[in-house]
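Q:
There are 2 protein chains.
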Amino acid sequence: MNGADRLCDTLLVNDVDVCFANPGTSEMHFVAALDRKPQMRCVLGLFEGVVTGAADGYARMADKPAATLLHCGPGMANALANMHNARRAWTPMINVVGDHATYHLQHDAPLTSDIESLARPMSQFVRRIASPEDVGPAIGEAYAASLSLPGVTTVILPADCAWGSVEPAELTRTPVPAPRQVDAAQIRAVAGLLRKHGSRAAIMLTGSALREGPMAMAARVCAATGAQIFAQMSNGRIERGAGRVAIPKVFYPIDMALQQLKDIDLLVLIGAQVPVGFFAYPGKPGRLVHENCQVEQLAVPGDDLPGTIEALAEELSARATPPAFIATPQAADGALPTGTLDADKVCAIVARLLPENAIICDESVSSGRSFYFDCHGAPQHDYIQLTGGAIGEGIPLAVGAAVACPDRKVIGMQADGSGMYTVQGLWTQARENLDVVTVVFANRTYAILHGEMRNVGVNDFGRNAKLMLNLDEPALDWVSMAKGMGVEAGRATTAEEFTKLFKGALSRKGPFLIEAVI
Amino acid sequence: MNGADRLCDTLLVNDVDVCFANPGTSEMHFVAALDRKPQMRCVLGLFEGVVTGAADGYARMADKPAATLLHCGPGMANALANMHNARRAWTPMINVVGDHATYHLQHDAPLTSDIESLARPMSQFVRRIASPEDVGPAIGEAYAASLSLPGVTTVILPADCAWGSVEPAELTRTPVPAPRQVDAAQIRAVAGLLRKHGSRAAIMLTGSALREGPMAMAARVCAATGAQIFAQMSNGRIERGAGRVAIPKVFYPIDMALQQLKDIDLLVLIGAQVPVGFFAYPGKPGRLVHENCQVEQLAVPGDDLPGTIEALAEELSARATPPAFIATPQAADGALPTGTLDADKVCAIVARLLPENAIICDESVSSGRSFYFDCHGAPQHDYIQLTGGAIGEGIPLAVGAAVACPDRKVIGMQADGSGMYTVQGLWTQARENLDVVTVVFANRTYAILHGEMRNVGVNDFGRNAKLMLNLDEPALDWVSMAKGMGVEAGRATTAEEFTKLFKGALSRKGPFLIEAVI
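Protein chains in written order, with our numbering: chain A, 1 to 518; chain B, 1001 to 1518.
(1) So what's residue 443(A) in DSSP terms, helix, strand or just coil?
(2) Under a three-way DSSP split, which group does residue 1239(B) fall into?
(3) I need the straight-line Cα distance from residue 514(A) to residue 472(A), nearest angstrom please.
(4) Given this structure, state the Cα-to-Cα distance separating residue 110(A) from residue 1408(B), to the nearest angstrom.
(5) Take the Cβ of residue 429(A) as the centre, count every other Cβ of all protein chains shown within 10 Å, and call the residue buried at 16 or more, exposed below.
(6) Is the CB of residue 1428(B) under 7 angstroms away from at least one CB in chain A?
(7) Looking at residue 1095(B): is its Cβ nearer than 7 angstroms to the Cβ of residue 1174(B)?
(8) Under 8 angstroms between beta-carbons, which chain A residues line up against residue 1273(B)? List them in chain order, please.
(9) Going by alpha carbons, who is nearest to residue 360(A) out of 253(A), 391(A), 329(A), 414(A)?
(10) Rounded to the nearest angstrom, how far is the Cβ of residue 1230(B) from that of residue 1184(B), given a contact under 8 angstroms?
(11) List the whole-angstrom C-beta distance separating residue 280(A) from residue 1104(B), where the pair is believed to meet the contact cut-off of C-beta under 8 angstroms.
(12) Please give me, in chain order, every unbroken run of the alpha helix (DSSP H) with length at least 4 that falls completely inside the region 1032-1090 of chain B.
(13) How about residue 275(A) and residue 250(A): do their beta carbons lie closer than 7 angstroms?
(14) Using a Cβ-Cβ cut-off of less than 9 angstroms, list which residues of the region 1474-1504 of chain B approach chain A; keep chain order.
(15) Measure from the C-beta of residue 1458(B) to each C-beta in chain A and report whether the shortest distance is under 7 angstroms.
(16) Using the beta-carbon count (16 or more within 10 Å), is residue 1100(B) buried or exposed?
(17) Three or more C-beta pairs under 8 angstroms: does that hold for the region 1031-1046 of chain B against the region 1376-1387 of chain B?
(18) Does any CB atom of chain B fall closer than 7 angstroms to the CB of residue 133(A)?
(19) Using DSSP's beta-bridge definition, name the partner residues of residue 1249(B).
(20) Using DSSP with H/G/I as helix, E/B as strand and the rest coil, what is residue 1421(B)?
(21) Take residue 509(A) as the anchor and find which of 335(A), 423(A), 406(A) has the nearest alpha-carbon.
(22) Residue 1488(B) by DSSP, collapsed to three states: which one?
(23) Tell me the DSSP bridge mates of residue 1019(B)?
(24) Answer yes or no: does any C-beta atom of chain A fall closer than 7 angstroms to that of residue 1088(B)?
(25) Alpha carbon to alpha carbon, how far is residue 366(A) from residue 256(A)? Give it in angstroms, no decimals.
(26) Shorter than 7 angstroms from the beta carbon of residue 161(A) to some beta carbon of chain B?
(27) Taking 7 angstroms as the CB-CB cut-off, is residue 1404(B) touching chain A?
(28) Could you confirm whether any beta carbon from chain A is found closer than 7 angstroms to the beta carbon of residue 1121(B)?
(29) Any idea if residue 373(A) is buried or exposed, counting beta-carbon neighbours within 10 angstroms, 16 or more meaning buried?
(30) Return helix, strand or coil for residue 416(A), following the three-state DSSP convention.
(31) Suppose you measure from the CA of residue 350(A) to the CA of residue 50(A); what does that come to, to the nearest Å?
(32) Which chain B residues sit within Cβ distance under 9 angstroms of residue 104(A)?
(33) Is the CB of residue 1023(B) under 7 angstroms away from at least one CB in chain A?
(34) Please state whether DSSP places residue 1187(B) in a helix, a strand or coil.
(35) For residue 347(A), tell me which candidate among 498(A), 162(A), 273(A) has the shortest Cα-Cα distance.
(36) Determine the burial state of residue 1338(B): buried for a count of at least 16 other Cβ atoms within 10 Å of its Cβ, exposed for fewer.
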């Protein structure tokens, strides 16, 4: 057997059995090895941004990493933006990047590049395989790191390490380090602070703290102390809907975020980062809490976040306190919007018709600002969103979520400008017959940038600004593009048309795209 | 005025008047400044790979750099693969990457990343702007470096350096260092070696040595000494067609390349790198010349390549020798292929119908292997091709070439798998009404990888290999995709249909796509 076989076996022994791929010549032995492992599900993306975006969506829903297969530095370069998003979501991922044979690098052949330099900014772990026998240890380390850091790992596989021989061996599952437990004294201190600050305290969560159980436990702490609860501005996954905590996220618009957090004197971070402006704006602060706000970083990603919340509740004798902020179900008989379509109507219709146990992939950017609130009382669902601000993840995220959860409906809330970045992902949805409804907000502009231009004081746009901020002339025809990639699609210009198309899409299996002209 | 205004003025004073762009919030002041400069042509790409691929195509044809506008690390990450190709073509380019305000970086906001680490592998020059007053010097340095190295330059523009004030100043053109002249003694020595080795010598060219004049001069040297002539495997631009040198390129398939160069005992490199295998293959050499071949690197990119060839001709008294290898015009009355379409027929028809002064953008990969030879005797044209092996440059290259040369017909020879990487570029062709005919070789497979799998000994493909190497199920419908982005298109399944569509596309202005089903 060769190094590539060992690679596949090491993945499989660790239950990593999905590989999102876009191969090239230097990975032919890896492809041949995958071909010998029918238990590995290989999913082709027609561009590497689709590959890593799908791996991100998959792991967020499967709670285990997928592998990716990427071709040399340039292939990985195409994958970096969605690795960046995954890194910001603390998503476990094992990228396998093929490189030239070790002895061929000296020749600086055309595809040669410094893969490590490219990989490090978007990876929590980078490792170059040194020999065929090093393949197994390297993949094992990456697997453990992906789950314990947690995050994006990148392993560079020289072609001769893939094709070189290895001794057969009995493989066993790689041990994963247990998450760090937060110190009891720190728990006690923070509990005391929460008691002291009452409603001027807030707990901010991300990562595994945003699952139903830990979030409800945090809401018990809030009920016991009067504290408020927030999720970060962007998070890998939130379990949402009626009966769960209606957790607010930090707002993106800086003035709204400053307003939202202005009375918080104590901020307890459980996995979350201290909230900061997505961008700097002249004359506005970078941190979103006031200068005298006490910030307590109780736990960081990789720590036992649910255990931290449990310990805090225990310390506050709040384990049985009824949780605060539980969402009540939306009215069953509410009327659906009608008339000319706009973004808010699209959001309201999707929230109202949301099927039980759906997965929402949100890259709606400016169009979906009301959507998160609309869904507080919707049937229970998972909400996964763009985390790192690198647009072009929505369609791939939906691919990955649908591969992870074939029995659940995936709904992509997709801005048009962002959707064009990785539009090729529609083909993978068709190829794999994934149960995804993609709702495209066709406003034919980078709407968010119109607002940002006004923020910098430009209200009258000249020709160059219009050329750079508008997507009209010609308008994108999403129905034709989807058809071109094998995805059925329809266009809606009224709320009634949208409702009809959306109901139709929910009533069937397989990919469907709705161009919502707003 | 602010730093962003200074940036635009510094570009314009150096006659850099095209900016390919995909902006984000951190570049709003740059966008506003561009909006105040109607003499700057701003061209939007719906994905950053389109932006840098177009800048590459533009500079190859305009012989001066374009600027690009990219958004933070992830936006530049999307641009890296075509920066890699440009780097391998030694293309001048000035990338301006917006970043957070200097004082905001400490907060590690979601879009923050290590831009320098990402940029360096794909840039010959990287520089972070330190202050508003540093904008002018930084852009000036990048401009000079882009032309003198020559190559890809990347300048990082923190938002506060764009919005901060600068003193008005009288700007003057930035001096560009003159190219290095090759030492006369080295010329004499190489001339002597060429005389000695006769037909077992070869001159290998790239860069500016592949323009009509220098190439003809090199062919005079060949005529005088008996030497052979080659272009590198991949080159930024070759001036080709009847009456010019019919210069062979080094073959991609390793066995063909080894055969092609096996009798060369002296290789004189003028700008070119020593030829090596595009990939390593078990048991095959990395260098394509034999072990005892003497390799003389007479000049490197950035040196005066045409001057080097002139000096060599002078030394050999060959300046008036009739050049060898001049291509004779193709027969005017040759029959066009008929019947079921295949790749070779597409190539033959395009070569035969090629209009005078066309620009060919070649990313045909395996489908276009006969095309280069078919065009030796075609009407004079420029040939620009994928250089770094990072697929997904064909459509953007055509965008850039058409922007640079609005009066010339651009013909994109496009593999389907590669075309999907940056398919969004079709929209820019429509938006700008560029005179581009894109010929898609729709073989519905990564055909080159089928060959490479056989090279590693796999002849029977199982389910996973088929899933990763084939693009069928569903077949891509290029006509619908093009229509969705505003580009008219047609599909051909016979040679007659292809001929009719291609003639029709040549008879009109503006973008057209032909899906050649092969």
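Even for Gly, the Cβ is constructed at its ideal location relative to N, Cα and C.
A: In brief:
(1) On the first sequence, position 443 is the one that residue 443(A) refers to. In the structure shown, residue 443(A) sits in coil (DSSP, three-state: anything other than H, G, I, E or B).
(2) Position 239 of the second sequence, counting from 1, holds the residue named residue 1239(B). Three-state DSSP puts residue 1239(B) in a strand.
(3) In the first sequence, counting from the first residue as 1, residue 514(A) sits at position 514. In the first sequence, counting from the first residue as 1, residue 472(A) sits at position 472. So the alpha carbons of these two residues sit roughly 18 angstroms apart.
(4) Looking up residue 110(A) in the first sequence gives position 110. Looking up residue 1408(B) in the second sequence gives position 408. Roughly 29 angstroms separates the two Cα atoms.
(5) Counted from its first residue, the first sequence places residue 429(A) at position 429. So residue 429(A) counts as buried.
(6) The residue you call residue 1428(B) lines up with position 428 of the second sequence. Not closer than 7 angstroms to any Cβ of chain A, the Cβ of residue 1428(B) fails to qualify, so no.
(7) Walking along the second sequence from the start, residue 1095(B) turns up at place 95. Walking along the second sequence from the start, residue 1174(B) turns up at place 174. Their beta carbons are not under 7 angstroms apart, which means residue 1095(B) does not touch residue 1174(B) by this criterion.
(8) Counting from 1 along the second sequence, the entry for residue 1273(B) is found at position 273. 108, listed in chain order.
(9) Start at 1 with the first residue of the first sequence, and residue 360(A) comes out as number 360. Comparing C-alpha distances from residue 360(A) to each of 253(A), 391(A), 329(A), 414(A) shows the shortest one belongs to 414(A).
(10) The residue given as residue 1230(B) occupies position 230 in the second sequence. The residue given as residue 1184(B) occupies position 184 in the second sequence. Between residue 1184(B) and residue 1230(B) the Cβ distance is about 25 angstroms, and since that is not below 8 angstroms, they are no contact.
(11) The sequence position of residue 280(A) within the first sequence is 280, counting from 1. The sequence position of residue 1104(B) within the second sequence is 104, counting from 1. Beta-carbon to beta-carbon, residue 280(A) and residue 1104(B) are separated by about 4 angstroms, close enough to satisfy the 8 angstroms threshold.
(12) Qualifying alpha helix (DSSP H) stretches, in chain order: 1048-1062, 1072-1089.
(13) Counting from 1 along the first sequence, the entry for residue 275(A) is found at position 275. Counting from 1 along the first sequence, the entry for residue 250(A) is found at position 250. Yes. Within cutoff.
(14) Listed by position, the residues of the region 1474-1504 of chain B near chain A (Cβ gap below 9 angstroms) are 1474, 1475, 1476, 1477, 1478, 1479, 1480, 1481, 1482, 1483, 1484, 1485, 1486, 1487.
(15) Within the second sequence, numbered from 1, the residue matching residue 1458(B) stands at position 458. Closer than 7 angstroms to some Cβ of chain A, the Cβ of residue 1458(B) qualifies, so yes.
(16) Mapped onto the second sequence, residue 1100(B) falls at position 100. With 16 or more other Cβ atoms within 10 Å, it is buried.
(17) Contact between the region 1031-1046 of chain B and the region 1376-1387 of chain B is absent, because fewer than three Cβ pairs lie under 8 angstroms.
(18) In the first sequence, the residue the question calls residue 133(A) occupies position 133. Residue 133(A) does not count as touching chain B.
(19) Residue mapping note: residue 1249(B) aligns to position 249 of the second sequence, counting from 1. Residue 1249(B) has 1231(B) as its beta-bridge partners, per DSSP.
(20) Sequence index remark: in the second sequence, residue 1421(B) carries index 421 (1-based). Helix at residue 1421(B).
(21) On the first sequence, position 509 is the one that residue 509(A) refers to. For residue 509(A), the nearest C-alpha among the options comes from 406(A).
(22) The residue you call residue 1488(B) lines up with position 488 of the second sequence. Here DSSP, grouped into helix, strand and coil, assigns residue 1488(B) to strand.
(23) Here residue 1019(B) corresponds to residue number 19 of the second sequence, with the count starting at 1. Answer is 1042(B), 1067(B).
(24) The residue labelled residue 1088(B) in the question sits at position 88 within the second sequence. Between residue 1088(B) and chain A, the shortest Cβ-Cβ separation is below 7 angstroms.
(25) What you label residue 256(A) is simply residue 256 of the first sequence in a count that begins at 1. What you label residue 366(A) is simply residue 366 of the first sequence in a count that begins at 1. Straight through space, the alpha carbons of residue 366(A) and residue 256(A) are spaced by roughly 14 angstroms.
(26) One-based indexing of the first sequence puts residue 161(A) at position 161. Chain B places no beta carbon closer than 7 angstroms to that of residue 161(A), leaving this residue out of the contacts.
(27) As a first step, residue 1404(B) is located in the second sequence; it is residue number 404 there, counting from the start. Closer than 7 angstroms: no.
(28) Here the question's residue 1121(B) lines up with position 121 in the second sequence. Chain A contact via Cβ: present.
(29) Locating residue 373(A) in the first sequence gives position 373, counting from the first residue. Label assigned to residue 373(A): exposed.
(30) Start at 1 with the first residue of the first sequence, and residue 416(A) comes out as number 416. The answer is helix: DSSP assigns residue 416(A) an H, G or I state.
(31) What you label residue 350(A) is simply residue 350 of the first sequence in a count that begins at 1. What you label residue 50(A) is simply residue 50 of the first sequence in a count that begins at 1. C-alpha separation (whole angstroms): 25 angstroms.
(32) On the first sequence, residue 104(A) is found 104 positions in, with the first residue counted as 1. Think of a sphere of 9 angstroms around the beta carbon of residue 104(A): the chain B residues whose beta carbon falls inside it are 1276, 1277, 1279, 1280, 1286, in chain order.
(33) Looking up residue 1023(B) in the second sequence gives position 23. Taking Cβ atoms only, chain A reaches closer than 7 angstroms to residue 1023(B), which makes this a yes.
(34) Here residue 1187(B) refers to the residue found at position 187 of the second sequence. In the three-state reduction of the DSSP assignment, residue 1187(B) falls in the helix class, which pools H, G and I.
(35) Residue numbering aside, residue 347(A) sits at position 347 when the first sequence is read from its first letter. In terms of Cα proximity to residue 347(A), the closest of 498(A), 162(A), 273(A) is 498(A).
(36) On the second sequence, residue 1338(B) is found 338 positions in, with the first residue counted as 1. Within 10 angstroms of the beta-carbon of residue 1338(B) lie fewer than 16 other beta-carbons, which makes it exposed.
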